[in-house]
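Numbering (the working numbering), first residue to last: 258 to 396. Here a beta-carbon is modelled for each residue, glycine too, at the ideal position from N, C-alpha and C.
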């Protein structure tokens, strides 16, 4: 799983999230609201947390399952933690390879004839860093 910091950087760079069953996320509430649950990882699921379309956008409804009784948050108050397969899919045609080294993984992507390499011990993090490069260049 990618770090919250990388997930936030991807969001801030413009990565759009359309919540789907099985997606993981963390809360990112305004600073004046202190909530221990910000460190928790939640999963979108029809039984517990579902994405609901509202006139103002998408809300993540908690369906009364959490002990702290949070009803819903807007998509803007959540940070998506994409899975490795989602990150690879988002790289689309730029993805070239994933290579395992002794102590790390290297993801290679190609953008406009240039090859970029991203190395990290966690393959998801390497994919995420590659996606951040792609999204940042797409703006």
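So, with DSSP's three-state summary, where would you put residue 316? As a first step, residue 316 must be located in the chain shown, where it is residue number 59. Strand, per DSSP.
Taking the alpha carbon of residue 375 as the point to measure from, which residue in 352, 396, 296 has its own alpha carbon closest? Looking up residue 375 in the chain shown gives position 118. Out of 352, 396, 296, 352 has the C-alpha closest to the C-alpha of residue 375.
Exposed or buried, what is residue 382 when buried is set at 16 or more other beta-carbons lying within 10 Å of its beta-carbon? If you number the chain shown from 1, residue 382 lands on position 125. Buried.
State the Cα-Cα distance for the pair residue 340 and residue 279, rounded to the nearest angstrom. Within the chain shown, numbered from 1, the residue matching residue 340 stands at position 83. Within the chain shown, numbered from 1, the residue matching residue 279 stands at position 22. Rounded to the nearest angstrom, the two C-alpha atoms are 10 Å apart.
Same chain only: Cβ atoms within 7 Å of residue 266, ignoring 5 sequence neighbours per side: Numbered from 1 along the chain shown, position 9 holds the residue referred to as residue 266. Closer than 7 Å at the Cβ level, and outside the excluded window around residue 266, lie 389.
Nearest-angstrom beta carbon gap, residue 368 and residue 391 [assumed within contact, 8 Å]: Taking the first residue of the chain shown as 1, we reach residue 391 at position 134. Taking the first residue of the chain shown as 1, we reach residue 368 at position 111. Indeed, because the Cβ distance is near 7 Å, the residues count as touching under 8 Å.
Based on DSSP bridge pairs, tell me the residues matched to residue 337. Within the chain shown, residue 337 is the residue found at index 80, counting from 1. DSSP output for residue 337 lists 282 as bridge partner(s).
Buried versus exposed call for residue 298 [16 or more other C-beta atoms within 10 Å across all chains shown]: Your numbering for residue 298 matches position 41 in the chain shown. Exposed, because fewer than 16 other Cβ atoms sit within 10 Å of the Cβ of residue 298.
Given that a residue counts as buried once 16 or more other Cβ atoms are within 10 Å of its Cβ, and exposed if not, what is residue 396? As a first step, residue 396 is located in the chain shown; it is residue number 139 there, counting from the start. Exposed is the call here.
Return yes when the C-beta of residue 349 is under 7 Å from any heavy atom of the ligand ATP, and no when it is not. As presented, the structure is devoid of all ligands, the ligand ATP included, so that no description of it is given.
Cβ neighbour criterion (16 or more within 10 Å) applied to residue 275: Locating residue 275 in the chain shown gives position 18, counting from the first residue. The residue is exposed, with fewer than 16 neighbouring Cβ atoms inside 10 Å.
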